[in-house]
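Chains as they are written, first to last, in the working numbering: chain U, 1 to 604; chain Y, 1001 to 1435. What follows is one structure encoded as structure tokens, with my remarks underneath.
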């Protein structure tokens, strides 16, 4: 009997030992192996990105220029799906019944319990209709994504476009960009991306085994709030931009208008242009491909990237530099004789009487400036023509010619201002003022972009001082109420004001009876200079630079019209219309000129 | 006289009752946390598992107290009737039962599902207690022992035919009853030895991919070493006997090893996978290994103190299959951590120890044998169920007593236990066998 009792005790002890083994096993799983907790966390807690709304863009008057509009994506969850009326749904989302059936099949294949994207980029109106009419439908849900909305659909090449970051962007950004973020690809959207973008937040949510979200994790304790993108105010006058784009319809070319005392770009027209709204939402890829294939290159940012020989407007910086160096003064005479005689009549000219500087600018005398240029480079002041050339070069460079303006949108090019070394290469070391005499009238190797032309005009308008051209005026404070002005450096060129006064005086007379009478407006004094750029491939390019009012300039402008002919006949009146529009708010004096220009077509 | 005393003052063992209630409450809280994952269900919501479980707990308690009111002699009297009726039910189920998860183990009575195997466990415990407590029964009488074993094996076979292997294995736990009553431990030990050889062979060849030849070589090497030791140390008399035993053991081991490997290779792929998964769940992480991996993650993520009541996200959101039934212990592990899981095991052991104490301290053999049967059944459930969730034992679908959701399980464990409480309440009495 007792031995049997012992057996009983032994059996219980055996059971106890096994259970102690279990407790030890539990200890090793629960306490000694932290990887289980990590795996459980990864499976149950999902991090969902919260994409903040992108900052708005305002125009110079503080009106909304670019904002966001919600677009809706429609998702279905097959396990909950109930569609009482298939044809109604198909009609509303614009899909055929076959398409719908295929998509539901695909959704089923993925997971019946998870949301599947059925239709994307549904606008607010359709969304409203859907909510109203799909009241008996089950298993349908919507998610919101913001899309850019253009309150003024102008200036596509200024604003640029955005789309979703790619895997490559994310990898390259080292943690700045996360999946689902939007990224600016060109223009302001790109250069100001860090400001406009804000910061992606994240919500930690709990999902069940089917992947369905069942609620926030830890009451949102570990959520990171998204930081809204900050707003940006541009110097662009959207009305003026719109007006300029209308004038440029049917033409290739650029208009750049700058407020001289601030350097703010008022209008930046690249023609032909496109509607920025085309590059948002559903049709992005399709439209982008079409724009890319377009033979007129609407996506090409002409003010920034098109290079032209400047033509006669180049006489302005030459005159200024020559006066500063004492090569010429306001009273210096040169004869014309229908061409630069010292170089066997090249460059040619209309037959002018011998004249002084003012008149030479007014009538754009080629002989006069050829002589000035030659005398500059071969002046006795300098040991040789290299020194002469380099001195001239320095003045040109100061005025932004051949150099980057460090604009606040990307992909700027610097045009071409050849160095002495460049000519050494071109002429195998044997060159002098005569070899490069075409530079004097802007027809040599020099190439300028429209923005550089406008910048040069700004310097003249300010009589030597300038702030580099830029788009961004102010950035909204972090709190989102006040505008914080962006500070820009005031700079100046090393040419004295008195020389500018002479040139400005002459430029005023260009409009008042000189080469650009068509730019004349009765009570707005305009100073300007025409340029007719010889084009070996076709009709000349029509160029005009100018500013107004002459004494207290509020707008400096450069206009380039490709293949339009003489500067005085097309670019000059176009500029004057933009000036009038900006200064008066409307064009009332030269409505006939407005009609003439709007109707002109130079694209063959 | 004793009967009258038993009826008037309820001499119930409060410790057992306390441990039982403690397990019941812990079990219900665990079911509640799983079935109230959405957070807006009422406690008595009968559409939810926790509400139904509460109802069944009530029914079980009522049944338990009714059992306490019975005359203790009744169990002895009705033991065979119960046994025969349970066998009949099992057979009926075999033909008209509901099939759930591949097993035809359920009867549907008035919309309520009922598992006759649960009832058969109790009935078998009663029958074996009666048969082995009969005067004249002796463990040395082989005929009687075979009949006793037959009483246990018969329901097990029918349950296997129902394709409910898990429940059938429970009957194996009666081995403890036989051991306690004087069965030689040699047979079980030999069984354990063979089992170890088979398992080791399979583990080494399938998981570690060691050639069977090395294993046989290893067995022979051990045999040679044993022979050398015997030759050097044994007295001459016993030497021959020892050598024979060693040689026999070696031949048996090699045969078993080779045999099990050959048999394994002949199994269907899915059966092979099942065995491999037991050794290493990562062999099939999304198939049959999935449960075990998920279960270990859930338990492991609890840490020392657990995530707190109703914070067990991993189990709450049902990453572990069969969360509220077979894998309920995962929720304990996740929400109450190592401390809580250990407390549950210790509480179970407390109940087992108390049952063992009660069995040994009554005067009736019937009560002792029934007590051991009861404690063996409970132990086996805990052993297999918990062992499965922590990856010790292959996935076998049997419930964790008082924890797993399911009305018939909770009722049958209660009845099983309360019969023993009743018997122990009359521990001073001796059953008279006169008709």
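Every residue gets a Cβ at the ideal spot worked out from N, C-alpha and C, and that includes glycine.
Item to check | Sequence-distant residues of the same chain with beta carbon closer than 7 Å to residue 45 (chain U), five excluded per side | outcome: If we look at residue 45 (chain U) and ignore the five residues flanking it on each side, its Cβ neighbours are 204, 206 and 217.
Next on the checklist: If contacts are defined as beta-carbon pairs under 8 Å, then residue 234 (chain U) and residue 59 (chain U) qualify, I think. What distance do you get, rounded to the angstrom?
Outcome noted: With 8 Å as the limit, residue 234 (chain U) and residue 59 (chain U) qualify as a contact, their Cβ atoms being about 6 Å apart.
Next on the checklist: What would DSSP say about residue 1140 (chain Y), mapped onto helix, strand or coil?
Outcome noted: coil
Item to check | residue 1384 (chain Y) in three-state terms, based on DSSP | outcome: helix
Checklist entry - Which partner residues does residue 1113 (chain Y) have in the DSSP bridge list? => result Under DSSP, residue 1113 (chain Y) takes part in a beta bridge, and its partners are Y:1108.
Item to check | Contact list for residue 113 (chain U) against chain Y, beta-carbon separation under 7 Å | outcome: Chain-ordered listing is empty here: chain Y has no CB closer than 7 Å to the CB of residue 113 (chain U), the nearest sitting near 12 Å.
Next on the checklist: In whole angstroms, give me the CA-to-CA distance for residue 1395 (chain Y) and residue 1282 (chain Y).
Outcome noted: 14 Å
Checklist entry - Under 7 Å Cβ-Cβ, which residues of chain U neighbour residue 1338 (chain Y)? => result 26, 27, 30 and 31
Next on the checklist: Applying the 10 Å Cβ sphere with the 16-neighbour rule, what's the burial state of residue 1002 (chain Y)?
Outcome noted: At residue 1002 (chain Y), the pLDDT of 42 sits below 50, so the modelled position is not reliable; the number obtained from the coordinates is stated separately. Flag for residue 1002 (chain Y) reads exposed.
Checklist entry - DSSP on residue 324 (chain U), reduced to helix/strand/coil? => result helix
Next on the checklist: Looking at chain U, is there any beta carbon in it that lies within less than 8 Å of the beta carbon of residue 1508 (chain Y)?
Outcome noted: The first residue shown for chain Y is 1001 and the last is 1435, placing residue 1508 (chain Y) beyond what the model contains.
Item to check | residue 431 (chain U) (DSSP reduced to helix, strand or coil) | outcome: coil
Checklist entry - Which of the three DSSP states, helix, strand or coil, is assigned to residue 266 (chain U)? => result strand
Item to check | Any 3 or more C-beta pairs closer than 8 Å across the stretch 1316 to 1324 of chain Y and the stretch 1286 to 1301 of chain Y | outcome: yes
Checklist entry - Do we get a CB-CB distance below 8 Å when we pair residue 1298 (chain Y) with the residues of chain U? => result yes
Item to check | Short CB-CB distance (under 8 Å) between residue 1019 (chain Y) and chain U | outcome: no
Item to check | Short CB-CB distance (under 8 Å) between residue 110 (chain U) and chain Y | outcome: False, the Cβ-Cβ gap to chain Y never drops below 8 Å.
Next on the checklist: Please report the straight-line C-alpha distance between residue 1227 (chain Y) and residue 1392 (chain Y), rounded to a whole angstrom.
Outcome noted: One alpha carbon belongs to residue 1227 (chain Y), the other to residue 1392 (chain Y), and they sit about 34 Å apart.
Checklist entry - Should residue 115 (chain U) go down as buried or exposed, given a rule of 16 or more other Cβ atoms within 10 Å for buried? => result Flag for residue 115 (chain U) reads buried.
Next on the checklist: Taking the alpha helix (DSSP H) that residue 285 (chain U) belongs to, which residues open and close that run?
Outcome noted: 284 to 293
Next on the checklist: Give me the chain Y residues within the contact set of residue 48 (chain U), using Cβ-Cβ distance strictly less than 8 Å, ordered along the chain.
Outcome noted: Result: empty, since nearest Cβ-Cβ is about 16 Å, beyond 8 Å.
Checklist entry - List, in order along the chain, the chain B residues whose C-beta lies closer than 7 Å to that of residue 1386 (chain Y)? => result Structure shown: chain B not included; protein chains present are U and Y.
Checklist entry - Are the stretch 417 to 436 of chain U and the stretch 488 to 508 of chain U in contact at 8 Å, needing three or more beta carbon pairs? => result No, they do not touch.
Checklist entry - For residue 205 (chain U), which beta-bridge partners are listed by DSSP? => result As computed with DSSP, residue 205 (chain U) is found in a beta bridge with U:46 and U:216.
Next on the checklist: For residue 1390 (chain Y), would you say it is in contact with chain U, using Cβ-to-Cβ distances shorter than 8 Å as the test?
Outcome noted: yes
Next on the checklist: Against chain Y, which members of the stretch 37 to 69 of chain U pass a CB distance test of less than 9 Å?
Outcome noted: Per Cβ criterion, the list reads 37, 38, 39, 40, 41, 43, 44 and 45.
Checklist entry - Beta-carbon of residue 206 (chain U) versus every beta-carbon of chain Y: anything under 8 Å? => result yes
Checklist entry - Taking just the CA atoms, how far does residue 189 (chain U) sit from residue 420 (chain U)? => result 39 Å
Next on the checklist: Starting from residue 459 (chain U), trace the alpha helix (DSSP H) in both directions and tell me its first and last residue.
Outcome noted: 450 to 461
Item to check | Closest by C-alpha distance to residue 1302 (chain Y), when choosing among Y:1250, Y:1274, Y:1323 and Y:1338 | outcome: Y:1338
Next on the checklist: Taking 6 Å as the limit between beta carbons, can you name the residues of its chain near residue 1072 (chain Y), skipping five residues before and five after?
Outcome noted: 1422, 1423 and 1426
Next on the checklist: Counting only Cβ pairs nearer than 8 Å, list the residues of chain Y close to residue 4 (chain U).
Outcome noted: Going along chain Y in sequence order, the residues near residue 4 (chain U) (Cβ under 8 Å) are 1180, 1181 and 1182.
Next on the checklist: Assess contact between the stretch 361 to 378 of chain U and the stretch 387 to 394 of chain U, defined as three or more Cβ pairs (one per stretch) separated by less than 8 Å. Is contact present?
Outcome noted: yes
Checklist entry - Does any CB atom of chain Y fall closer than 8 Å to the CB of residue 19 (chain U)? => result yes
Item to check | Three-state secondary structure assigned by DSSP to residue 623 (chain U) | outcome: One cannot answer for residue 623 (chain U) here, as it falls past the ends of chain U, which runs 1 to 604.
Item to check | Separation of residue 1070 (chain Y) from residue 1007 (chain Y), as counted between CA atoms | outcome: Only weak support exists for where residue 1007 (chain Y) lies, its pLDDT of 46 falling under 50; the coordinates are left without a value.
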